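In this text, residue positions in the sequence shown follow full-length UniProt numbering: the first is 1, and each later residue adds one.
Glycine included, each C-beta is placed from N, C-alpha and C at the ideal position.
It should be emphasised that the depicted structure is a prediction, and the values quoted were computed from it without experimental measurement.
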Amino acid sequence: MKLFPYAHATHPRWDMAAGLVLAQLRAQMSLHGYAANPTLALLYITDPYVPQAQEILAYLSAELPEVTDWSGTVGVGIASNNVEYFDEPAMAVMLCELPSDQYRVFSGVAPLGMAFEAHTALVHADPHTVDMTELVDEMAARTDSGYLFGGLSSSRGKTVQFAVAGDGNVKGQGAASGVFSGGLSGVAFGPGINLVSRVTQGCLPLAGAHQITAAQHNVVLGLDGEPALEVLLRELDVSLDKPREALHAVRATLAGLTERGAQAGVAGDAPTITRTGNFGSDVLVRHIIGLDPARLGIALASPVKEGMELAFCQRNVQAARADLRRVCAEIREELEPQELALESATALAASEAEAAPHPARGIAGAIYVSCSGRGGEHFGGPSAELQIIRHALGDVPLVGFFAGGEIARNHLYGYTGVLTVFT
Numbered sequence: 001m002k003l004f005p006y007a008h009a010t011h012p013r014w015d016m017a018a019g020l021v022l023a024q025l026r027a028q029m030s031l032h033g034y035a036a037n038p039t040l041a042l043l044y045i046t047d048p049y050v051p052q053a054q055e056i057l058a059y060l061s062a063e064l065p066e067v068t069d070w071s072g073t074v075g076v077g078i079a080s081n082n083v084e085y086f087d088e089p090a091m092a093v094m095l096c097e098l099p100s101d102q103y104r105v106f107s108g109v110a111p112l113g114m115a116f117e118a119h120t121a122l123v124h125a126d127p128h129t130v131d132m133t134e135l136v137d138e139m140a141a142r143t144d145s146g147y148l149f150g151g152l153s154s155s156r157g158k159t160v161q162f163a164v165a166g167d168g169n170v171k172g173q174g175a176a177s178g179v180f181s182g183g184l185s186g187v188a189f190g191p192g193i194n195l196v197s198r199v200t201q202g203c204l205p206l207a208g209a210h211q212i213t214a215a216q217h218n219v220v221l222g223l224d225g226e227p228a229l230e231v232l233l234r235e236l237d238v239s240l241d242k243p244r245e246a247l248h249a250v251r252a253t254l255a256g257l258t259e260r261g262a263q264a265g266v267a268g269d270a271p272t273i274t275r276t277g278n279f280g281s282d283v284l285v286r287h288i289i290g291l292d293p294a295r296l297g298i299a300l301a302s303p304v305k306e307g308m309e310l311a312f313c314q315r316n317v318q319a320a321r322a323d324l325r326r327v328c329a330e331i332r333e334e335l336e337p338q339e340l341a342l343e344s345a346t347a348l349a350a351s352e353a354e355a356a357p358h359p360a361r362g363i364a365g366a367i368y369v370s371c372s373g374r375g376g377e378h379f380g381g382p383s384a385e386l387q388i389i390r391h392a393l394g395d396v397p398l399v400g401f402f403a404g405g406e407i408a409r410n411h412l413y414g415y416t417g418v419l420t421v422f423t
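Shown next, in the form of structure tokens:
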């Protein structure tokens, strides 16, 4: 598989940004080792461009007539190799050269047909869609691997998705012309497309995991046989006798939930709480939305049930950075055989200044979907999160967006990053 051409740009005028993106893409397509005949494009825009979404798609697709299929969405921030864009109008595009019988673009108005054997899928979802958790689980069940990757669109206003199939428009979409809101959309990939995907968490557990021994709807009433609120206050070392101090501590705390005895869905994923004290990929982090002093309970932004495991946690910069390095290292280890060819060894050992995209790295392109709450300062500065990935994987083609919730396997996450590479 050849390297995927990719580009990114920011400009107050969308047409100027699109022109810069096209210039970058065409330059790369003329280079040795890059795909010259791509058919699938991934397009991500920041929310200032939402009013011009239709014009952007029409212009880019007209300028790239060889690209027959488009998929993408909007984020409050978008990502590309070594850079992120927040609070400014920007776009990123990656062109994928894949066998036409190994992928399908789908949407809510043009669902994935039974005739296509989906192994996995990239999913973009509207956060306002009801029963989103059930829809994600149902979509995962329609793939052979049960593994999805992607996220919820994020925007300060309207959210949009892009979905265009080979005829220039997803069948049944009518006047929408490939830009629409609501439901799920994305790209399903067949078994012939090799992908490696990992989930990275950004929270650090305060202590060990507890078993939920009493619960009602979304309220945790008992942990290990004790009142849940007492356990929380003890781990935070606060008391309701000092409500202001207690409220401040609770607001900074989240809850990591796991089905008891759950096993990671992809080889290499970490257990619930790793030996380094971080969360594994089977943990779903949820907000604490209220306290119930009368019943000594804790209300979470998710249904809970007896038998689940819960660990209180807090967002932590160092834990997030370390865990992102871990998943990048796991991807590299999976891609690198024990005995490397000279070309591969030279490419992988190159300094950061020399780490230009190279087929020997084994990565044709990458997609990174991260929580909108993780970008920027959470990693120590602007684009620091993407710089960690570049340092670990090299200067590989990469695009993505900052989501209102991240999708991996059949789960909807929060405060996570989902890194997927085409090999």
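List the whole-angstrom C-beta distance separating residue i from residue j, where the pair is believed to meet the contact cut-off of C-beta under 8 Å.
{"i": "F106", "j": "S185", "result": "6 Å"}
{"i": "V196", "j": "V421", "result": "5 Å"}
{"i": "S181", "j": "G404", "result": "Not a contact, Cβ separation roughly 14 Å."}
{"i": "A18", "j": "Y59", "result": "6 Å"}
{"i": "G108", "j": "G183", "result": "3 Å"}
Once DSSP output is grouped into helix, strand and coil, what is the label at residue i?
{"i": "I45", "result": "strand"}
{"i": "R156", "result": "coil"}
{"i": "N169", "result": "Only weak support is given to the placement of N169: the predicted model assigns it a pLDDT of 46, under 50, and the value that follows is read from those uncertain coordinates. Correct three-state label for N169: coil."}
{"i": "M91", "result": "strand"}
{"i": "H128", "result": "coil"}
{"i": "H287", "result": "strand"}
{"i": "T420", "result": "strand"}
{"i": "P227", "result": "strand"}
{"i": "T10", "result": "strand"}
{"i": "F4", "result": "coil"}
{"i": "R104", "result": "strand"}
{"i": "A18", "result": "helix"}
{"i": "D144", "result": "coil"}
{"i": "V109", "result": "coil"}
{"i": "P205", "result": "strand"}
Quick one: what's got a C-beta closer than 6 Å to residue i's C-beta in the same chain, skipping five residues either side?
{"i": "A408", "result": "F149, V199, V418"}
{"i": "G400", "result": "A79, I367, Y368, V369"}
For residue i and residue j, what's the separation of their Cα atoms in angstroms?
{"i": "A125", "j": "Y44", "result": "13 Å"}
{"i": "T129", "j": "S30", "result": "41 Å"}
{"i": "L20", "j": "H8", "result": "8 Å"}
{"i": "residue 424", "j": "C313", "result": "Given that the chain is displayed from residue 1 to residue 423, the structure contains no residue 424 and the question cannot be resolved."}
{"i": "A41", "j": "T416", "result": "25 Å"}
{"i": "V76", "j": "H11", "result": "15 Å"}
{"i": "L412", "j": "D131", "result": "12 Å"}
{"i": "A209", "j": "L257", "result": "9 Å"}
{"i": "Y147", "j": "T120", "result": "5 Å"}
{"i": "P303", "j": "Q52", "result": "38 Å"}
{"i": "P5", "j": "L393", "result": "17 Å"}
{"i": "K2", "j": "N81", "result": "17 Å"}
{"i": "H217", "j": "L95", "result": "45 Å"}
Identify the residues that DSSP records as bridge partners of residue i: which are they?
{"i": "A408", "result": "F149, H411"}
{"i": "G365", "result": "F422"}
{"i": "R198", "result": "L419"}
{"i": "Y59", "result": "In the DSSP output, where bridge partners are listed per residue, Y59 has none listed."}
Residues in its own chain within less than 8 Å of residue i by CB, not counting five upstream and five downstream?
{"i": "E235", "result": "L206, A207, F312"}
{"i": "A141", "result": "N410"}
{"i": "K242", "result": "none"}
{"i": "E230", "result": "L296"}
Which residues in the same chain as residue i place their Cβ atom closer than 7 Å to its Cβ, once the five residues preceding and following it in sequence are excluded?
{"i": "A228", "result": "V220, L221, G222, L296, G297, I298"}
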